[in-house]
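*Asks:* Residue numbers (the numbering used here), protein chains in the order written: chain A, 3 to 252; chain B, 77 to 453.
Here it is, the structure, as structure tokens.
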Amino acid sequence: MGDAVSQSPAMTFDNDSAHWLVQARGVTKSFGDGATRIPVLKGVDLEVARGEVLLLVGPSGSGKTTLLSVIAGILESDEGDVRILGASIPDLSSSEKTRFRRDHLGFIFQQYHLLPTLTAVENAAVPLLIRGVPKQDALSRAEAMLGSMGMGERLNALPTRLSGGEQQRVAIARALVGDPKLLLCDEPTANLDGETGHRIVQQLHDIGKQPDRGVIIVTHDTRIFEFGDRIVHMEDGRVDQIQHGHKELR
Amino acid sequence: MNYVALKMLFGDRAKYLMLLAGLTFSTMLIVQQGSIFWGLMTWSQSGITNVNAPVWVADSNINQVEEIKPLADTAVTVVRSVPGVEWALPLYKGVQRARLPNGNYEQIALVGIDSSTLIGRPYTVLEGKIEDLRSPEAVAIDQLGVERLGGPKNIHLGTTFEINDHRVRVVALIKTQKSFQNFPFVYTTYERALSVTPEERRKLSYVLAGPVSGVSPEELARRIHEQTGMGAFTEEQFGWKTVRWILKNTGIGVNFGTTVLLGFIVGMAIAGQTFYLFTVENLPQFGALKAIGASTGMLARMILLQSFTVGCIGYGVGVGLATLFGLTAGSGGRLPFKETWPLLVGVAVALLLICSVSSAISIRKLAKLEPAIVFRG
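This is the structure in structure tokens:
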């Protein structure tokens with residue numbers, strides 16, 4: 003990991019929004035007040051290009067998940083700016099952020115967070131239902147998405163009847179069914195065996211390589227580093243190193 | 077998202093059934109107790125409703141229909157002299173003792189009505205003719221009287237029994253609304269009622285009056301009171317006066333009110349707690365929905381839909397069970413059970429309140445929910 007090839011970018015935005023999907027500048031975030039105040043992000047700069055798969059790695063408490071939450075607009079930063087598709091996330095109102103997430107972002111959570119009383123296909127259809135897509139249309143699109151992920155035989159299974167890998171694939175289908183530009187993944191392989199994790203990250207990589215999309219994956223899993231176009235190392239609330247192309251670093 | 081909300085509700089079978097049970101129990105308890113209460117209040121007014129007269133004139137200090145303060149015989153003519161009175165007739169009402177053919181005694185509510193007009197007659201005659209009350213020794217007896225005095229085998233048209241040692245003969249079987257005291261009603265003419273009852277200085281219980289065309293009963297009652305100083309009430313006013321007296325002077329109101337309140341509180345507690353648990357246990361899922369793009373408003377609508385759906389089902393089942401109870405336990409008028417639409421509307425409003433408060437607790441929790449919790453492994 004010692005071959006750092008890039009320093010943090012400058013504190014100004016590159017206005018080439020045709021190239022950058024995400025640009026974060028000087029993001030800070032602390033929790034608590036007064037003496038118990040804990041700074042978690044200490045001026046993070048980061049960008050994700052279109053068609054890029056970016057891995058965010060680092061020890062626990064380094065601020066990876068907090069950064070992911072700030073980028074997603076579900077956590078307010080104290081300072082700094084985050085732009086996605088040219089839109090400044092901190093400038094959006096709460097309801098605008100909600101709409102922005104609904105229309106442009108996809109999420110994959112470590113714990114999947116599938117609705118336990120909904121079948122696989124219904125879970126995958128949720129983002130479309132949130133957008134107000136008619137139920138039948140939403141279900142058929144979700145069915146097609148699950149089918150493309152090899153889940154065609156498990157459409158009507160409840161999450162409790164699915165293996166971890168299958169649940170994660172449903173979660174990926176849910177994240178992708180709305181055709182998001184940016185996919186945010188939190189430890190997507192943490193609960194999966196090596197082979198399943200490898201297959202799922204391959205799918206995420208293929209999605210991220212599409213020209214107008216991008217993927218940010220928070221992970222501890224060194225087995226999936228080969229899939230990242232860049233690997234951003236965080237340490238103590240800061241970007242410590244950025245590696246370009248893991249394979250070529252070997 | 078209505079589809080998702082309903083699947084979340086019905087999919088969690090244990091909590092759904094717990095919610096349903098709480099709301100059903102609450103509804104059933106309120107409807108059942110409310111219906112019995114109103115049935116009792118209806119019974120308490122039966123002395124008025126069975127007689128069916130537009131205006132009742134009584135002693136000015138009268139409190140309720142069963143508390144009879146006899147008037148002077150001249151009261152009838154005094155009332156007739158009031159402008160707007162088309163007719164005014166005497167009514168006897170009192171509890172007397174009937175001796176049965178087998179020697180047993182039974183208390184009865186004796187009603188004496190005007191023999192020429194028969195105003196105050198019962199609504200329904202089951203057997204015989206009410207006009208036959210004008211014949212000697214004639215009385216009409218209600219269904220409870222038939223039952224109490226020996227059943228249809230022993231009490232039928234032509235049967236004789238005694239009231240205060242005066243022989244009377246059944247010429248008609250009638251249907252009446254049961255009374256609060258649960259005494260059988262026996263109808264006869266006013267004159268015969270006076271002749272079979274013990275001597276008193278005054279025996280005129282009430283004066284019944286009817287207005288001329290163009291004068292309302294309320295207006296007539298007001299005029300009679302103003303010009304004679306006697307108490308004068310429309311049928312409805314007298315009924316409510318009786319109900320108010322009972323609520324004030326007996327423990328019935330407090331008793332039933334407490335039970336109804338208990339039903340409300342139990343429903344509120346179970347529904348509120350279960351909904352809250354339902355929300356808390358699904359917080360990560362709700363957080364995920366928020367992160368994915370569901371607004372707080374959308375989640376609030378989902379919660380409200382879940383709440384009102386289970387509320388509607390609970391209401392239906394609860395009202396159904398209470399009605400079934402009324403139809404079985406209260407069949408044949410054995411139990412005072414009167415399920416009225418205002419009661420059902422009132423219970424629906426109460427349930428709406430329960431559902432709204434329960435939802436509000438959960439919505440408050442969801443409004444404060446940070447979607448960022450979904451990233452905390």
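Note that beta-carbon positions come from the ideal geometry of N, C-alpha and C, so glycine has one too.
In this structure, does DSSP put residue 122 (chain B) in helix, strand or coil?
*Replies:* Your numbering for residue 122 (chain B) matches position 46 in the second sequence. Here residue 122 (chain B) sits in helix by DSSP.
*Asks:* For residue 328 (chain B), collect the residues of the same chain with a Cβ closer than 8 Å to its Cβ; drop the 5 residues on either side in sequence, then sort them by chain order.
*Replies:* To locate residue 328 (chain B), count along the second sequence from 1; it is residue 252. Closer than 8 Å at Cβ, skipping near neighbours: 113, 116, 322.
*Asks:* What in chain B is Cβ-close to residue 175 (chain A), meaning under 9 Å?
*Replies:* By 1-based counting over the first sequence, the position of residue 175 (chain A) is 173. Chain B residues near residue 175 (chain A): none, gap ~13 Å exceeds 9 Å.
*Asks:* With residue 66 (chain A) and residue 56 (chain A) assumed to form a contact (beta carbons below 8 Å), what rounded beta-carbon distance in angstroms separates them?
*Replies:* On the first sequence, position 64 is the one that residue 66 (chain A) refers to. On the first sequence, position 54 is the one that residue 56 (chain A) refers to. Between residue 56 (chain A) and residue 66 (chain A) the Cβ distance is about 11 Å, and since that is not below 8 Å, they are no contact.
*Asks:* Whose C-beta lies closer than 7 Å to the C-beta of residue 293 (chain B) among residues of the same chain, with five residues either side of it excluded?
*Replies:* Residue 293 (chain B) sits at position 217 when you count from the first residue of the second sequence. 130, 131, 287, 310.
*Asks:* Please tell me whether residue 171 (chain B) and residue 185 (chain B) are closer than 8 Å, where the distance is taken between their beta carbons.
*Replies:* Residue numbering aside, residue 171 (chain B) sits at position 95 when the second sequence is read from its first letter. Residue numbering aside, residue 185 (chain B) sits at position 109 when the second sequence is read from its first letter. Result yes, Cβ atoms of residue 171 (chain B) and residue 185 (chain B) sit closer than 8 Å.
*Asks:* Between which residues of its own chain and residue 6 (chain A) is the CB-CB distance below 6 Å, once the five residues before and five after are set aside?
*Replies:* Numbered from 1 along the first sequence, position 4 holds the residue referred to as residue 6 (chain A). With a pLDDT of 36 at residue 6 (chain A), under the threshold of 50, the modelled position of this residue cannot be trusted, and the question is left open.
*Asks:* Tell me where the beta strand (DSSP E) around residue 166 (chain B) begins and ends.
*Replies:* Along the second sequence, read from residue 1 onward, the residue named residue 166 (chain B) stands at position 90. Here the beta strand (DSSP E) through residue 166 (chain B) covers 161 to 175.
*Asks:* Among B:368, B:216, B:426, B:388, which residue has its Cα nearest to the Cα of residue 446 (chain B)?
*Replies:* Your numbering for residue 446 (chain B) matches position 370 in the second sequence. With distances taken between Cα atoms, residue 446 (chain B) lies closest to B:368.
*Asks:* Whose C-beta lies closer than 7 Å to the C-beta of residue 402 (chain B) among residues of the same chain, with five residues either side of it excluded?
*Replies:* Position 326 of the second sequence, counted from the start, is the residue given in the question as residue 402 (chain B). Result list for residue 402 (chain B): 111, 413, 415, in chain order.
*Asks:* Leaving out the 5 sequence neighbours to the left and right, which residues in its chain are closer than 7 Å to residue 107 (chain A) when beta-carbon positions are compared?
*Replies:* Mapped onto the first sequence, residue 107 (chain A) falls at position 105. Closer than 7 Å at the Cβ level, and outside the excluded window around residue 107 (chain A), lie 74, 182, 184, 186.
*Asks:* What is the rounded straight-line gap between the Cα of residue 61 (chain A) and the Cα of residue 25 (chain A)?
*Replies:* Position 59 of the first sequence holds residue 61 (chain A). Position 23 of the first sequence holds residue 25 (chain A). Each residue's Cα considered, the two are about 23 Å apart.
*Asks:* Only counting runs of 4 or more residues, tell me where the alpha helix (DSSP H) segments fall wholly within the region 329 to 412 of chain B, in order along the chain.
*Replies:* DSSP runs (the alpha helix (DSSP H)) wholly in the region 329 to 412 of chain B: 359 to 368, 372 to 405.
*Asks:* What is the rounded straight-line gap between the Cα of residue 79 (chain A) and the Cα of residue 30 (chain A)?
*Replies:* As a first step, residue 79 (chain A) must be located in the first sequence, where it is residue number 77. As a first step, residue 30 (chain A) must be located in the first sequence, where it is residue number 28. Between residue 79 (chain A) and residue 30 (chain A), the C-alpha separation is close to 6 Å.
*Asks:* Less than 8 Å between C-beta atoms, sequence neighbours within five positions excluded: which residues of the same chain meet that for residue 271 (chain B)?
*Replies:* Here residue 271 (chain B) refers to the residue found at position 195 of the second sequence. Excluding residues within five positions, the ones whose Cβ falls inside 8 Å are 242.
*Asks:* Which residues in the same chain have their Cβ closer than 6 Å to the Cβ of residue 296 (chain B), if we skip the five residues on either side of it in sequence?
*Replies:* Taking the first residue of the second sequence as 1, we reach residue 296 (chain B) at position 220. The residues are 131, 160, 287.
*Asks:* Using 8 Å as the limit for Cβ to Cβ distance, is residue 142 (chain A) near chain B?
*Replies:* Locating residue 142 (chain A) in the first sequence gives position 140, where the first residue counts as 1. For residue 142 (chain A), the answer is no, since every Cβ of chain B falls outside 8 Å of its Cβ.
*Asks:* What residue range does the beta strand (DSSP E) around residue 286 (chain B) cover?
*Replies:* Locating residue 286 (chain B) in the second sequence gives position 210, counting from the first residue. Segment 282 to 287, the beta strand (DSSP E) holding residue 286 (chain B).
*Asks:* Report buried or exposed for residue 21 (chain A), applying the criterion of at least 16 other Cβ atoms within 10 angstroms of its Cβ.
*Replies:* On the first sequence, residue 21 (chain A) is found 19 positions in, with the first residue counted as 1. Burial call: exposed.
*Asks:* Note down, in chain order, all residues in the region 344 to 366 of chain B with a beta-carbon under 9 Å from any beta-carbon belonging to chain A.
*Replies:* Taking 9 Å as the Cβ-Cβ cut-off against chain A, the residues of the region 344 to 366 of chain B that qualify are 358, 360, 361, 363, 364, 365, 366.
*Asks:* Within 8 Å, do at least three Cβ pairs link the region 207 to 219 of chain A to the region 43 to 56 of chain A?
*Replies:* With the cut-off at 8 Å, the region 43 to 56 of chain A and the region 207 to 219 of chain A touch.
*Asks:* Buried or exposed: which applies to residue 39 (chain A), given that a residue is buried once 16 or more other Cβ atoms fall within 10 Å of its Cβ?
*Replies:* Taking the first sequence and counting its residues from 1, the one referred to as residue 39 (chain A) is at position 37. Flag for residue 39 (chain A) reads exposed.
*Asks:* Have a look at the DSSP bridge pairing and note the partners of residue 186 (chain A).
*Replies:* The residue given as residue 186 (chain A) occupies position 184 in the first sequence. DSSP lists A:109, A:218 as partners of residue 186 (chain A).
*Asks:* What residues in its chain sit with their C-beta under 6 Å from that of residue 173 (chain A), if we drop five residues either side in the sequence?
*Replies:* Sequence index remark: in the first sequence, residue 173 (chain A) carries index 171 (1-based). Same-chain partners within the cutoff: 110, 114.
*Asks:* So, at 6 Å on beta carbons, what are the nonlocal neighbours of residue 164 (chain B) in its own chain, with the 5 sequence-adjacent residues on each side left out?
*Replies:* Numbered from 1 along the second sequence, position 88 holds the residue referred to as residue 164 (chain B). Excluding sequence neighbours, residue 164 (chain B) sits near 152, 155, 156, 283, 285.
*Asks:* Looking only at C-alpha atoms, which of B:187, B:421, B:350, B:422 sits nearest to residue 89 (chain B)?
*Replies:* Translated into positions along the second sequence, residue 89 (chain B) becomes position 13. Selected option, being the one with the closest Cα: B:350.
*Asks:* Verify the CB distance criterion: does residue 104 (chain A) have a CB-CB separation below 8 Å to chain B?
*Replies:* Position 102 of the first sequence, counted from the first residue, corresponds to residue 104 (chain A). At least one chain B Cβ lies under 8 Å of residue 104 (chain A).
*Asks:* List the whole-angstrom C-beta distance separating residue 335 (chain B) from residue 109 (chain B), where the pair is believed to meet the contact cut-off of C-beta under 8 Å.
*Replies:* As a working mapping, residue 335 (chain B) is identified with position 259 in the second sequence. As a working mapping, residue 109 (chain B) is identified with position 33 in the second sequence. Their Cβ separation, rounded to whole angstroms, is 5 Å, which keeps residue 335 (chain B) and residue 109 (chain B) in contact under 8 Å.
*Asks:* Give the range of the beta strand (DSSP E) segment to which residue 265 (chain B) is assigned.
*Replies:* Taking the first residue of the second sequence as 1, we reach residue 265 (chain B) at position 189. Its beta strand (DSSP E) spans residues 261 to 265.
*Asks:* Using a cut-off of 7 Å between C-beta atoms, extract the partners of residue 434 (chain B) located in chain A.
*Replies:* As a working note, residue 434 (chain B) is residue 358 in the second sequence. Result: empty, since nearest Cβ-Cβ is about 19 Å, beyond 7 Å.
*Asks:* Pull the bridge partners of residue 41 (chain A) from the DSSP assignment, please.
*Replies:* Sequence index remark: in the first sequence, residue 41 (chain A) carries index 39 (1-based). A:32.
*Asks:* Straight-line CA distance for residue 33 (chain A) to residue 238 (chain A)?
*Replies:* Your numbering for residue 33 (chain A) matches position 31 in the first sequence. Your numbering for residue 238 (chain A) matches position 236 in the first sequence. Whole-angstrom Cα-Cα distance: 14 Å.
*Asks:* I'd like to know whether the C-beta of residue 370 (chain B) is nearer than 8 Å to at least one C-beta of chain A.
*Replies:* As a working mapping, residue 370 (chain B) is identified with position 294 in the second sequence. Chain A contact via Cβ: present.
*Asks:* Could you please give the first and the last residue of the uninterrupted alpha helix (DSSP H) stretch that includes residue 251 (chain B)?
*Replies:* Within the second sequence, residue 251 (chain B) is the residue found at index 175, counting from 1. That residue, residue 251 (chain B), is in no alpha helix (DSSP H); its beta strand (DSSP E) goes 242 to 251.
*Asks:* Using the three-state DSSP reduction, which class does residue 310 (chain B) fall into: helix, strand or coil?
*Replies:* As a position in the second sequence, residue 310 (chain B) is number 234, starting the count at 1. Residue 310 (chain B) falls in the strand class under three-state DSSP.
*Asks:* Since residue 245 (chain A) sits in a beta bridge, which residues does DSSP pair it with?
*Replies:* Counting from one through the first sequence, the residue named residue 245 (chain A) turns up at place 243. Paired residue(s): A:233.
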